[in-house]
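Asks:
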Amino acid sequence: MTFPEWTKPGIYGALGGAIAVSILGFSWGGWTTSGSAQTMAQDLAAEEVTLAMVPVCLNMSAADPERTEKLATLQDLSSFGRRNAMMETGWATRPGTDTPDRDLAAACLAGLELDGS
59 MTFPEWTKPG
69 IYGALGGAIA
79 VSILGFSWGG
89 WTTSGSAQTM
99 AQDLAAEEVT
109 LAMVPVCLNM
119 SAADPERTEK
129 LATLQDLSSF
139 GRRNAMMETG
149 WATRPGTDTP
159 DRDLAAACLA
169 GLELDGS
């Protein structure tokens, strides 16, 4: 069986075009693999849960009888040490867990608005 002489360049052109479209799609077109889409979804879900828990953290801080002393301690620290101190207050512990959450502590600190930080 004989093929027309344009077949070979046509196949090479189609293959090269498919490769070019794939490169452009993944780099500039916004295409993602299922693994990276799953990672992005998990990150977004974790961020949204943290943001949803900020009012709980702020309510726990408002109901704490030692609030004044704890806030004074937080204000005395640098921004670097505040997150660890916030975790020690217990306000950044999600209900149903025993350990404080670092991301929730940072978000709660932003919600408390301690001297502009």
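Each residue of the sequence shown is one higher than the last, beginning at 59 in the working numbering. Here a beta-carbon is modelled for each residue, glycine too, at the ideal position from N, C-alpha and C.
1) Flag T97 as yes when its Cβ comes closer than 7 Å to any non-hydrogen atom of the ligand MN, and as no otherwise.
2) Roughly how many angstroms separate the alpha carbons of E106 and A165, rounded to a whole number?
3) Taking a contact to mean a Cβ-Cβ separation below 8 Å, would you say R140 touches L167 in this structure?
4) Within the same chain, show all residues whose beta-carbon is closer than 6 Å to that of P158, passing over the 5 residues directly before and after it, in chain order.
5) Mind checking who T151 pairs with in its DSSP beta bridge?
6) Are the beta-carbon atoms of G169 and L116 separated by less than 8 Å?
7) What residue range is occupied by the uninterrupted alpha helix (DSSP H) comprising M59?
Replies: The answer reads as follows:
1) Absence of the ligand MN is noted for the structure shown, with no ligands found whatsoever.
2) For the purposes of this step, residue 106 is taken as the residue at position 48 of the sequence shown. For the purposes of this step, residue 165 is taken as the residue at position 107 of the sequence shown. Going by the C-alpha atoms only, they are around 11 Å apart.
3) As a first step, residue 140 must be located in the sequence shown, where it is residue number 82. As a first step, residue 167 must be located in the sequence shown, where it is residue number 109. Yes, Cβ-Cβ distance for R140 and L167 is below 8 Å.
4) Locating residue 158 in the sequence shown gives position 100, where the first residue counts as 1. Excluding residues within five positions, the ones whose Cβ falls inside 6 Å are M145, A150, T151.
5) Position 93 of the sequence shown, counting from 1, holds the residue named residue 151. Paired residue(s): P158.
6) Position 111 of the sequence shown, counted from the first residue, corresponds to residue 169. Position 58 of the sequence shown, counted from the first residue, corresponds to residue 116. In this structure, L116 lies closer than 8 Å to G169 by Cβ.
7) To locate residue 59, count along the sequence shown from 1; it is residue 1. M59 -> no alpha helix (DSSP H), and no H or E assigned at all.
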